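Read in order, the letters of the sequence shown are residues 1 to 218 in the UniProt record's numbering.
A virtual CB, placed ideally from N, CA and C, is assigned to each residue, including glycine.
Keep in mind the model is a prediction, meaning the values are calculated, not measured.
These notes are about the structure you will find just below.
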Amino acid sequence: MTQDELKKQAAEAALSYVQGGVIGVGTGSTVNHFIDFLAQIKGRFEGAVSSSEVSSERLKSHGIQVFDLNSAGDLSLYVDGADEANGRLQLIKGGGGALTREKIVAAASETFVCIADESKRVDVLGAFPLPVEVIPMARSYVARELVKLGGTPVWREGFVTDNGNAILDIQGLEIQDPAAMEQQINNIAGVVTVGLFALRGADMLILGSPNGVNIYEP
Ligand code: 5RP
């Protein structure tokens, strides 16, 4: 099976958690499969709050209503992908650059179901470059601060987030204490969000594998 087929399998398995109301929907190729599956059960829920403009467009193209989080209030369910997940369901996210809105929707949701193919499961986070969204004028300053943490920040040149900001991808980290590092990076002036989801990780991880889906809880 291809990696994309494994992503699709995980996305389909997440459908059973959709119980109605307004649901949170993330960003990425795995979530794109989830959105396409959602179109088949449109009558079972009211609509979605989305973590990116691209997901909003895909939802709307299927005739699924997109709500503003400010009017939707707290959500019961958030479904999103990940770039890496450890055994405690702490994640690296933001490969698609939507980390800030993803973190907001995850925070506002009661249950975060993470969907991915099995290659995303790791023992120690950090092999995937850790994305950090920064205010453009602070980019070089934040990069110098990140070097002090032992990583190599690389500017995602030409990329602008939905919030008008820049992304630095930190290479070469071995993240032994994800919650501490999340707090440390978030405390640097000019950082909007770090793509570590450790303080609020996933509640459930659905991984597609050649033998079917595997479901993990922390
Ligand atoms: C976007 C994300 C995605 O969830 C993450 O990059 C995984 O993407 P994919 O499903 O394409 O593998 O965090 O900002």
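Exposure of residue i, with buried meaning 16 or more beta-carbon neighbours within 10 Å
i, result
"Ser56", "buried"
"Gln90", "buried"
"Met181", "buried"
"Ile215", "exposed"
"Gly201", "buried"
"Gln9", "buried"
"Pro218", "exposed"
"Gly208", "buried"
"Asp68", "exposed"
"Glu102", "buried"
"Phe159", "exposed"
"Asn165", "buried"
"Val31", "buried"
"Gly94", "buried"
"Ser52", "buried"
"Val18", "buried"
Distance CB(residue i)-CB(residue j) smaller than 8 Å
i, j, result
"Ala116", "Ala82", "yes"
"Ala13", "His33", "no"
"Gly96", "Thr27", "yes"
"Leu205", "Glu118", "no"
"Gln171", "Thr152", "yes"
"Asn86", "Asp123", "yes"
"Ile167", "Pro131", "yes"
"Glu84", "Lys120", "yes"
"Ser76", "Gly21", "yes"
"Cys114", "Asp169", "no"
"Leu99", "Gly195", "yes"
"Trp155", "Arg139", "yes"
Close Cβ partners of residue i (< 8 Å) along its chain, the five nearest in sequence each way excluded
i, result
"Ile64", "Ile35, Leu38, Ala39, Lys42, Gly47 and Ala48"
"Gln3", "Asp117 and Ser119"
Close beta carbons around residue i, own chain, < 6 Å, minus the five adjacent residues each side
i, result
"Tyr78", "Gly24, Val105, Ala106, Ser109 and Phe112"
"Ala198", "Gln90, Pro178, Ala179 and Glu182"
"Phe128", "Asp83, Glu84 and Ile92"
Heavy atom of the ligand 5RP within 7 Å of residue i beta-carbon
i, result
"Gly158", "no"
"Leu196", "no"
"Ser29", "yes"
"Ala98", "yes"
"Glu53", "no"
"Glu84", "no"
"Gly26", "yes"
"Lys42", "no"
"Asp36", "no"
"Gly126", "no"
"Glu133", "no"
"Glu102", "yes"
"Lys8", "no"
"Gly172", "no"
"residue 222", "Any question about residue 222 goes unanswered here, given that the chain covers just 1 to 218."
"Gly94", "yes"
"Asp169", "no"
Chain-order list of residues whose beta-carbon lies under 7 Å from that of residue i (same chain, five-residue window excluded)
i, result
"Ser50", "Val25, Ser56, Leu59 and Val66"
"Val54", "Thr27"
"Tyr141", "Gly190"
Touch test, the segment 183-191 against the segment 125-144, Cβ-Cβ under 8 Å, three pairs minimum | yes
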